[in-house]
Amino acid sequence: MPISLLFEQILNGIVLGSMYALMGGGLALIYGTMRILNFAHGEFFMLGGFFVFFLFAGAHITPFLAVPIAVLAAAAIAAGIQRSTLAILQRRDGWLFATIAATLGISIILQNVALLLWGERFQSVPYYIEGTLAVGDIRMAYQRLLILAVALCSLALVGLVLRYTRFGLAVRATAQDQEAAKVMGISTERINTATFAMGAGLAALAATMLAPLIAVNPWMGLPLLLKAFVVVVLGGLGSFKGAILGGILLGVIEAVGMSMTSAEWRDVISYSVLIAVIWLRPWGLFGVKER
Amino acid sequence: MLEVSGLNVKYGDAQVLWDMSIKVGAGEVVAVMGPNGSGKSTLLKAICGLVAIHSGQIKFEGKDISSMPAHNMTSIGMSLVLERRRLFPSMTVMENVMLGAYAKHARDKTKERLAWVEELFPIIRERRDQIASRMSGGEQQMVAIARGLMSGPRLLLMDEPFLGLSPKMVSAIVTLVQAINKRGIAVLFNEQNVQLSFGNAHRGYLLESGRVVLEGAGLEMLQNETVKRVYLGSH
Ligand SMILES: Nc1ncnc2c1ncn2[C@@H]1O[C@H](COP(=O)(O)OP(=O)(O)OP(=O)(O)O)[C@@H](O)[C@H]1O
Ligand SMILES: [Mg+2]
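If you read the sequences in order, they're chains A and B. Note that this note's numbering gives residue 378 to position 77 of the first sequence, counting from 1, and the numbers run on in steps of one. Note that this note's numbering gives residue 517 to position 201 of the second sequence, counting from 1, and the numbers run on in steps of one.
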């Protein structure tokens, strides 16, 4: 394989990986804060896809508005769902299993609602920008560069918020010890809702970015959900930073692996990575052994 | 200042506190003594709203707080240092301490409070950037108490503040509690050791399986025949 082709594959891997990072980062944020494995994560991704389809492909609203509106709408729906289901379950004892069942249920309901409202047709969204950047032998569609830039900027923004704001401090405290956080005067219920919405918003953002490359449909979330699980395990359960690195790494491994085999091998590659990590480093590639 | 009356608490069907009544007066140090599982922690958690109460009343400075959510406790002037310190393990000492001043009302006074707390606990300035979980138990306890003071409480609740500490650390914490109390802050603490609890309190309560079985002035409790027989093993 010529070196420029390899380079292009790696670049493609990073672009796709940045989407895995958005998905996985959101999932890790939710898991890290409230210890809930959100099986409905793929459906918030799907909502983001449909919303941007209606706003941009349907109503021709500029992506500068369509994308934020789609993301905020999905996040708001997530907040409402969290309040009316998970928040109530979490107040009870032995809620852990119940929340798994609940997020699975939410996932199924959202899929079916989407199917009823919007049908099973695969919808396509046009590119936000046309054209291709060519540097020497390496070619990259502007759309892909846009995806990468949006993902990296938004992940950095979330990282900065978590690190430097009062809200971020409260999220980190809640993640480390919900009871102690309450004693500090933090309304952990509000933090849980906000974090859930934020995680779902990241998933929706990934969909708005990927929509021009993949078809929008009620089931579009599942493959990305599975990738997000791989990413979260790679990065160390519940670690936001780990999920970002894990996502990008997974994207690159997939892309390079596929270029050496073929496209059908993609999922085999990522699950092999998952199994290898669970086997050799169950605390994740970037996690620390003891918690 | 704190009045708990007729408190009953259940975990599911299991009742763990029975018709419990205790009081803390302004400026007082009050000890709650009892063996493992007698309900000491549950009592403090019920006062703070961390566990729901089944029946009874909790009043703080005349206000009924029986159904107040836990996260409002710091803003009414009460603060809890949880059992086993419960620092946020991967945060620094300073982040932990600053979280003590998270409540809205406490934010404006953060600076003065920090200065005061650093004077009481010099370790906070010395170790400000150390990760909390890498400190010794005694050091963590100091940070936990400092964090509890950052909201400017008038009543400080402490759940077994001496648990697992060396004798030297225990006496250091005792001295600090006295210093805190001298500032007019009332203290209610749990402890399993008779001498440590009643010996360091104005008044004390003895709990057994979720009931108050004895109460009185600290020194009286130390002299009490039952206490001596059962808990000090003397005849
Ligand atoms: N979350 C809970 N769910 C069910 N039962 C509980 C719970 N927490 C405590 N208990 C039970 O309530 C009783 C009182 O427990 P509590 O922790 O208040 O005792 P304690 O006096 O603080 O004990 P220790 O000295 O060990 O800290 C015990 O029998 C305990 O098993
Ligand atoms: Mg206890």
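Backbone N, C-alpha and C fix where the C-beta goes; we use that ideal spot for every residue, glycine too. The structure displayed is predicted, hence computed values, not measured ones.
Alpha carbon of residue i to alpha carbon of residue j, nearest angstrom
i: Leu417/A; j: Ser563/A; result: 36 Å
i: Ile448/A; j: Ala374/A; result: 20 Å
i: Leu479/B; j: Thr386/A; result: 38 Å
i: Ala507/A; j: Gly349/A; result: 8 Å
i: Val348/B; j: Asp329/B; result: 25 Å
i: Glu555/A; j: Ile311/A; result: 9 Å
i: Arg491/A; j: Met561/A; result: 48 Å
i: Phe308/A; j: Ile439/A; result: 8 Å
i: Phe357/A; j: Val372/A; result: 13 Å
i: Ala379/A; j: Tyr332/A; result: 15 Å
i: Phe340/A; j: Ala498/A; result: 14 Å
i: Leu258/B; j: Tyr465/A; result: This structure does not reach residue 258/B, given that chain B is present from 317 up to 551, and the question cannot be answered.
i: Ile489/B; j: Ala544/A; result: 42 Å
i: Tyr547/B; j: Glu531/B; result: 15 Å
i: Ala533/B; j: Leu512/B; result: 14 Å
i: His551/B; j: Leu523/B; result: Confidence at His551/B is low in this model, with a pLDDT of 49, below 50, so its placement is unreliable and no value can be given for it.
i: Phe351/A; j: Asn518/A; result: 7 Å
i: Gln539/B; j: Asn497/B; result: 24 Å
i: Asn493/A; j: Thr334/A; result: 7 Å
i: Glu480/A; j: Pro364/A; result: 42 Å
Under the three-state DSSP convention, the category residue i falls into
i: Gln424/A; result: strand
i: Tyr286/A; result: Not covered by the structure: residue 286/A. The range shown for chain A is 302 to 592.
i: Leu287/B; result: The structure shown has nothing for residue 287/B, since chain B only spans 317 to 551.
i: Tyr521/B; result: strand
i: Arg467/A; result: helix
i: Lys425/B; result: coil
i: Glu411/B; result: helix
i: Arg441/B; result: helix
i: Trp334/B; result: strand
i: Glu531/B; result: strand
i: Arg401/B; result: coil
i: Ile378/A; result: helix
i: Glu476/B; result: coil
i: His551/B; result: The pLDDT assigned to His551/B is 49, lower than 50, so where the model puts this residue is not dependable, and the model offers no usable value.
i: Ser449/B; result: helix
i: Phe355/A; result: helix
i: Asn506/B; result: strand
i: Leu481/B; result: coil
i: Gly416/B; result: coil
i: Ser573/A; result: helix
i: Asn324/B; result: strand
i: Leu338/A; result: coil
i: Arg592/A; result: A caution first: Arg592/A carries a pLDDT of 42, below 50, which makes its placement in the model too unreliable to give a value.
i: Leu558/B; result: Residue 558/B cannot be examined here, being either before or after the span of chain B that is shown, 317 to 551.
i: Leu312/A; result: helix
i: Leu318/B; result: strand
Residue j beta carbon less than 8 Å from that of residue i
i: Ile461/B; j: Val367/B; result: no
i: Gln456/B; j: Ala448/B; result: yes
i: Gly327/A; j: Gly552/A; result: no
i: Gly454/B; j: Gly416/B; result: no
i: Gly468/B; j: Arg423/B; result: no
i: Ile338/B; j: Val325/B; result: no
i: Phe376/B; j: Leu436/B; result: no
i: Val532/A; j: Ala322/A; result: yes
i: Gly343/A; j: Leu526/A; result: yes
i: Val346/B; j: His518/B; result: yes
i: Phe423/A; j: Ala505/A; result: no
i: Ser382/B; j: Ile369/B; result: yes
i: Val462/A; j: Thr496/A; result: no
i: Trp580/A; j: Gly537/A; result: no
i: Glu507/B; j: Glu476/B; result: yes
i: Gly486/A; j: Tyr418/B; result: yes
i: Phe514/B; j: Met474/B; result: no
i: Ile549/A; j: Gly558/A; result: no
i: Asn516/B; j: Val493/B; result: yes
i: Ala495/B; j: Arg470/B; result: no
i: Ile409/A; j: Ile382/A; result: no
i: Phe541/A; j: Leu330/A; result: yes
i: Gly372/B; j: Gly322/B; result: yes
i: Ser319/A; j: Ala452/A; result: yes
Enumerate, from N- to C-terminal direction, the unbroken alpha helix (DSSP H) stretches of 4 or more residues contained entirely within the stretch 429-502 of chain A.
443-465, 467-477, 479-484
What are the complete beta strand (DSSP E) segments, minimum 3 residues, inside the stretch 344-396 of chain B?
345-349, 371-376
Could you run through the stretch 537-560 of chain A and flag, in chain order, every residue whose CB is less than 7 Å away from some CB of chain B?
none
Using a Cβ-Cβ cut-off of less than 8 Å, list which residues of the stretch 376-405 of chain B approach chain A; keep chain order.
Pro385, Ala386, His387, Asn388, Met389, Thr390, Ser391, Ser395, Leu396, Leu398, Arg402, Leu403, Phe404, Pro405
Chain-ordered residues of the stretch 412-432 of chain B with a beta carbon less than 7 Å from chain A
Leu415, Gly416, Tyr418, Ala419
Name the residues in the stretch 395-410 of chain A whose C-beta lies less than 8 Å from a C-beta of chain B; which are they?
So nothing in the stretch comes that close.
Along the stretch 320-336 of chain B, where does the CB come closer than 9 Å to a CB of chain A? Name the residues.
Along the stretch 320-336 of chain B, going in chain order, the ones with a CB nearer than 9 Å to a CB of chain A are Tyr327, Gly328.
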